[in-house]
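Heads up, our numbering is the position in the sequence shown plus 3, with the first residue counted as 1.
Worksheet: one structure, shown below.
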Amino acid sequence: MEKQRLAVLGSTGSIGRQTLEVAASYPDLFEVTVLTANRNWELLCKQARDFDADTVVIGDKNLYSKVKEALSDTMTKVFAGEESLEHVAGSSQVDTVVTATVGFSGLFPTINAIKNSKKIALANKETLVVAGERIIPLSMELNAPIVPVDSEHSAIFQSLAGERSAAIEKLILTASGGPFLNHTKDMLKNVTLEEALSHPSWVMGNKITIDSATLMNKGFEVIEAMWLFGVKPSDIEVLVHPGSVIHSMVQFKDGAIKAQMGTPDMRLPIQYALTFPERLPLNGERLKLEETTLAFSKPDTDRFPCLRLAYRAIETGGNAPCVLNAANEIAVEAFIGRRIGFCDIPRIIERCLDEIAFQKAPSFDDYRLCDAETRKLANSLI
């Protein structure tokens, strides 16, 4: 394998930190040249020193002076703001861009990375949720391969190795069910933020943990899988699998099912995305099959309507998934800020889907405008 120069967008988050762990394990294969963070400037500066990064970007411009001063005795270049984030994703100092940011903020840096023919290790599912219809053709046109980092999409990607896409009958995405799997609708009305953040299987950032609790995360993954693997939404099934042992499956036209199994450790899909098609050793726990139980059930979209809303958005198409994402970001932020209840999240999303004007074929600029308009509406509903 040739050495890869990495840009880790969102390096201070959960996926970003684990990406750096993988990179540190193979210094002969990976050189970390670009690091970015939104507000966690102290950890960003430490990472820059640990990896002798060429460039860092702090998203919050108000923190630029702190980062600049903290790294003043190094050769690291310091920038700030959204435009800088987009610019470094296409840097000539980068071969592979790991998009580990959360939300809409990952879209335009990923677009610029694709325009500069970078390899994309995609952990920012919102990129394809919002604009998959344009992102995938652009990546193919400009020879910028997109390799999934999400555990579910990595599982499908691995299960499809050596297979023909024409042989696929359906994709099966597994969901842990989150902390409220056995809650009634009445119980969900009174759940607390702390309960929602107590995921039974995975350790993740706050936003994605709440998305997992509402099942919106699984809805986003359905949309992402559709674009990544070229299948129809009707050919993607979601099954609740509380054990989180099987990360996802592919059912083929002859009835065979391939599944990727493992412990809930995100370092595995991160490393696989970076080293594909090679598999390299990875330290960590191994799955104990003798202690494993495989149980599955259908998701309840009456108790967890976010999954239903995601299917509605992708079946509508156009700018509807953009509306879905923006409304969800605002609603989840409000729930984390204790300004709304858990069951208000899907209520706000559905109102936005109902009220934002439909656009059949939005441009990238249209996505930006739609995102802003939806956020304004969602905030007014809180």
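Idealized CB from N, CA, C, for every residue including glycine.
Check, Outcome
"Do V25 and R270 have their CB atoms nearer than 8 Å?", "yes"
"Taking the beta carbon of T295 as the centre, do at least 16 other beta carbons fall within 10 Å, making it buried, or is it exposed?", "exposed"
"Does the pairing of the stretch 260-274 with the stretch 151-169 give three or more beta-carbon distances under 8 Å?", "yes"
"For F361, is the classification buried or exposed, using 16 other Cβ atoms within 10 angstroms of its Cβ as the cut-off for buried?", "exposed"
"Helix, strand or coil for E197 per DSSP?", "helix"
"Return helix, strand or coil for E172, following the three-state DSSP convention.", "strand"
"Starting from T217, follow the beta strand (DSSP E) in both directions and report where the run begins and ends.", "No beta strand (DSSP E) holds T217; the alpha helix (DSSP H) holding it covers N209 to T217."
"Does the beta-carbon of N65 have 16 or more other beta-carbons within 10 angstroms, so that it is buried, or is it exposed?", "exposed"
"At which residues does the alpha helix (DSSP H) containing V326 begin and terminate?", "A323 to I339"
"Between the stretch 237-250 and the stretch 169-181, do three or more beta carbon pairs fall short of 8 Å?", "yes"
"Per the contact definition of three or more C-beta pairs closer than 8 Å, is the stretch 363-371 in contact with the stretch 318-327?", "yes"
"Report the CB separation of E281 from M4 in whole angstroms; it is logged as a contact under 8 Å.", "6 Å"
"Does A73 come out as helix, strand or coil in the three-state DSSP assignment?", "helix"
"Using C-beta distances below 8 Å, list every residue in its chain close to L196, excluding the 5 sequence neighbours before and after it, in chain order.", "F338, I339 and R341"
"Drop a sphere of 10 angstroms on the beta-carbon of K192, count the other beta-carbons inside from all chains shown, and report buried for 16 or more, exposed for fewer.", "exposed"
"What runs of the beta strand (DSSP E), each 3 residues or longer, lie entirely inside the stretch 92-145?", "99-102 and 122-125"
"Would you call the stretch 364-384 and the stretch 218-226 touching, i.e. three or more CB-CB distances under 8 Å?", "no"
"Sort R371, G93 and V132 by Cα distance to L145 and report the nearest one.", "G93"
"Report the rounded CA-to-CA distance for L141 versus L384, giving the unit in angstroms.", "35 Å"
"Leaving out the 5 sequence neighbours to the left and right, which residues in its chain are closer than 8 Å to A170 when beta-carbon positions are compared?", "F255, K256 and D257"
"K80 bridges to which residues according to DSSP?", "T58"
"Using DSSP bridges, identify the partner residues of E34.", "R8"
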